[in-house]
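Here's the structure we're looking at; comments come further down.
Residue numbers (the working numbering): 6 to 318.
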């Protein structure tokens with residue numbers, strides 16, 4: 006019989022300490038390692054536009070909330086003898102969806118996709134149309150395709166974004182489940198109502214807060230952005246004074262300096278407006294939330310009255 010072999014594994018103390026140190030330096034729970042952008046030239050040059058865009062986004066979402074909330078009651082008037090219990094459920098679920106993290110993530114994705122599409126759709130549509138025209142030419146056909154292609158692409162993107170958002174709203178599970186008994190007309194009106202409530206709820210509970218935080222961050226960057234622009238102008242001036250620089254290079258550099266100086270001149274005015282908007286943001290959020298909640302309360306009361314006035318199924 007072979008003798009039993011005993012092996013002893015010995016770890017050097019230094020190796021054990023290293024393993025423990027690696028364990029202690031785990032990235033578990035570590036926040037994203039993002040640094041301020043105010044020292045970057047590209048950010049500084051576009052800073053004024055970002056401030057203006059942020060202010061506009063805040064004004065737009067406030068106006069949108071008012072428009073959406075004002076239309077709730079009209080959607081209920083479109084309903085023809087529905088099951089009012091289901092209507093109440095749709096309203097409650099849609100309000101909750103607008104506050105949910107899942108819906109907020111989908112809205113963030115939708116905004117990113119929509120923003121990209123709005124800025125790039127001209128070039129994308131032109132390329133798709135060019136390929137379509139080339140294929141048709143090879144087949145010996147000719148037809149105007151630019152208009153239909155542009156419409157189809159835009160429609161497809163909007164519908165897919167809507168589908169994604171609706172998949173995050175429990176109200177659409179109820180609508181789908183009872184669509185036969187609700188009837189096509191009621192289904193269409195309830196879908197629109199669910200969309201509008203969820204979006205308005207998201208606007209006041211999530212989006213306006215995100216806009217406030219973004220604007221506050223932008224406003225805080227102002228002084229560093231000015232320093233970055235000054236440094237950029239100094240670097241460009243030094244570049245022009247380097248030996249061997251061509252006239253074309255110097256002209257291009259001077260154009261960049263002129264653009265930076267223009268941004269500096271406009272920055273204070275835009276920043277002043279942004280600071281004023283930022284200071285009022287908490288009040289604006291409270292006012293928009295109150296407006297939405299009042300509209301929702303009135304909507305629920307209206308449904309309750311209609312429910313009393315019709316025989317129960």
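Idealized CB from N, CA, C, for every residue including glycine.
Computed from a predicted structure; not experimentally measured.
For the putative contact between residue 158 and residue 130, defined by C-beta atoms under 8 angstroms, what is the C-beta separation to the nearest angstrom?
-> As a first step, residue 158 is located in the chain shown; it is residue number 153 there, counting from the start. As a first step, residue 130 is located in the chain shown; it is residue number 125 there, counting from the start. With 8 angstroms as the limit, residue 158 and residue 130 qualify as a contact, their Cβ atoms being about 6 angstroms apart.
Between the Cα of residue 241 and the Cα atoms of 211, 229, 254 and 249, which residue gives the shortest distance?
-> To locate residue 241, count along the chain shown from 1; it is residue 236. Out of 211, 229, 254 and 249, the CA that lies nearest to the CA of residue 241 is found in 254.
Tell me where the alpha helix (DSSP H) around residue 144 begins and ends.
-> Locating residue 144 in the chain shown gives position 139, counting from the first residue. For residue 144, there is no enclosing alpha helix (DSSP H), since its DSSP letter is neither H nor E.
Are the beta-carbon atoms of residue 307 and residue 95 separated by less than 9 angstroms?
-> Reading the chain shown from its first residue, position 302 is the one you call residue 307. Reading the chain shown from its first residue, position 90 is the one you call residue 95. Their beta carbons are not under 9 angstroms apart, which means residue 307 does not touch residue 95 by this criterion.
Just the C-alpha distance for residue 287 and residue 50, rounded to the nearest angstrom, thanks.
-> Here residue 287 is taken as the residue at index 282 of the chain shown, counted from 1. Here residue 50 is taken as the residue at index 45 of the chain shown, counted from 1. The alpha-carbon atoms of residue 287 and residue 50 are separated by roughly 29 angstroms.
Counting only the same chain and skipping the five closest in sequence on each side, list residues whose C-beta sits under 8 angstroms from that of residue 233.
-> Here residue 233 corresponds to residue number 228 of the chain shown, with the count starting at 1. The answer, listed in chain order, is 43, 44, 45, 46, 48 and 49.
Could you give the DSSP three-state label for residue 231: helix, strand or coil?
-> Within the chain shown, numbered from 1, the residue matching residue 231 stands at position 226. Of the three classes helix, strand and coil, the one that applies to residue 231 here is helix, per DSSP.
For residue 219, the first and last residue of its enclosing alpha helix (DSSP H) = One-based indexing of the chain shown puts residue 219 at position 214. Unbroken alpha helix (DSSP H) run through residue 219: 213-225.
Under the three-state reduction of DSSP, which class applies to residue 185: helix, strand or coil?
-> One-based indexing of the chain shown puts residue 185 at position 180. Helix, per DSSP.
Hey, would you say the C-beta of residue 127 is under 8 angstroms away from at least one heavy atom of the ligand ZN?
-> Looking for the ligand ZN in the displayed structure turns up nothing, as the structure carries no ligands at all.
Look up residue 71 in the DSSP assignment and say whether it is helix, strand or coil.
-> For the purposes of this step, residue 71 is identified with residue 66 of the chain shown, where counting begins at 1. If DSSP states are grouped into helix, strand and coil, residue 71 belongs with the helices.
Are residue 294 and residue 220 close, meaning C-beta to C-beta below 9 angstroms?
-> Against the chain shown, residue 294 aligns to sequence position 289. Against the chain shown, residue 220 aligns to sequence position 215. No; because the gap between Cβ atoms is not below 9 angstroms, this pair is not in contact.
Skipping 5 residues on each side, what residues in its chain have a beta carbon closer than 6 angstroms to that of residue 303?
-> For the purposes of this step, residue 303 is taken as the residue at position 298 of the chain shown. Nothing meets the Cβ criterion.
What three-state label does DSSP hand residue 236 in the structure shown?
-> To locate residue 236, count along the chain shown from 1; it is residue 231. Residue state, collapsed to three classes: helix.
Do you know how far the Cα of residue 107 is from the Cα of residue 90?
-> In the chain shown, the residue the question calls residue 90 occupies position 85. In the chain shown, the residue the question calls residue 107 occupies position 102. Taking the straight line joining both Cα atoms gives about 25 angstroms.
Near residue 290, what residues of its chain come up, given a Cβ to Cβ distance below 6 angstroms and the 5 sequence neighbours on each side ignored?
-> Here the question's residue 290 lines up with position 285 in the chain shown. Residues 213 of the same chain have their beta carbon placed closer than 6 angstroms to that of residue 290, with the five preceding and five following residues left out of the count.
Count the other C-beta atoms from every protein chain shown that fall within 10 angstroms of the C-beta of residue 297, then say buried if there are 16 or more, exposed otherwise.
-> Taking the chain shown and counting its residues from 1, the one referred to as residue 297 is at position 292. Counting the other Cβ atoms within 10 Å of the Cβ of residue 297 gives 16 or more, which makes it buried.
How long is the line joining the alpha carbons of residue 249 and residue 279, rounded to whole angstroms?
-> For the purposes of this step, residue 249 is taken as the residue at position 244 of the chain shown. For the purposes of this step, residue 279 is taken as the residue at position 274 of the chain shown. If you take the alpha carbons of residue 249 and residue 279, they lie about 44 angstroms apart.
Mark residue 79 as exposed unless 16 or more other C-beta atoms lie within 10 angstroms of its C-beta, in which case mark it buried.
-> Along the chain shown, one-based indexing puts residue 79 at 74. It counts as exposed.
Taking buried to mean at least 16 other C-beta atoms within 10 Å of its own C-beta, is residue 19 buried or exposed?
-> Here residue 19 refers to the residue found at position 14 when the chain shown is read from its first residue. Here the model assigns residue 19 a pLDDT of 49, short of 50, so the residue's position is not dependable and the matter cannot be decided.
Start and end residues, alpha helix (DSSP H) containing residue 258 | Here residue 258 is taken as the residue at index 253 of the chain shown, counted from 1. Looking at the DSSP string, the run of the alpha helix (DSSP H) that includes residue 258 is 252-284.
Span separating the alpha-carbon of residue 150 from that of residue 138 = One-based indexing of the chain shown puts residue 150 at position 145. One-based indexing of the chain shown puts residue 138 at position 133. Distance between the alpha carbons of residue 150 and residue 138: 7 angstroms.
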